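Scroll down for the structure; my scribbles are underneath it.
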Ligand code: DGP
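Numbering (the working numbering), first residue to last: 3 to 129.
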């Protein structure tokens with residue numbers, strides 16, 4: 003089934019400036035801001051400015067410029083937070099939840115960057 007984007011989702015409102023956010027990085031095509039319910043000492047969300055619901059939607063329909071910008075924004079956020087191992091950080095985890103089984107709450111693509119402590123097992127309830 004093709005994706006249809008909900009213009010009323012909370013991240014669309016953040017992008018339109020209708021809801022405040024704690025911005026970490028803004029680029030031409032991407033925005034990174036602190037998660038309102040942090041689950042680690044460092045917890046930042048990176049979103050594309052374009053109307054993409056999930057990672058596979060973005061991978062299929064985004065331009066090369068958007069994909070490059072978004073990918074580089076994720077890396078820059080990791081370095082800015084001081085968690086990038088290549089810059090003497092302790093490491094991080096990237097998560098992008100999609101759809102029902104991924105338990106996606108906000109239907110606008112976002113990558114969570116989590117770090118600042120040892121994060122433990124990947125899933126709370128492995129299969
Ligand atoms: P998920 O869709 O399950 O990957 O998680 C969505 C995340 O978005 C969740 O960790 C909480 C965060 N979030 C929800 N509403 C807001 C908001 O208004 N502002 C910010 N900064 N984060 C939000």
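We treat Cβ as the ideally placed atom computed from N, Cα and C, and that holds for glycine. Quick caveat, the model's predicted, so the values are computed rather than measured.
Report task. Measure the CB-CB distance between residue 67 and residue 52 and report whether it falls below 8 angstroms. Result -> no
### Task
Over the uninterrupted alpha helix (DSSP H) stretch that includes residue 16, give me the two end residues.
12-17
Quick check on the burial criterion: 16 or more other C-beta atoms within 10 angstroms. Buried or exposed for residue 110? buried
How about residue 122 and residue 85: do their beta carbons lie closer than 8 angstroms? no
> If residue 37 sits next to residue 100, beta carbons under 8 angstroms apart, how far is it from one beta carbon to the other, in whole angstroms?
Replying inline: So it is not a contact: roughly 17 angstroms between Cβ atoms.
Notebook entry, point to check: If you draw a straight line from the C-alpha of residue 17 to the C-alpha of residue 128, how long is it?
Noted result: 35 angstroms
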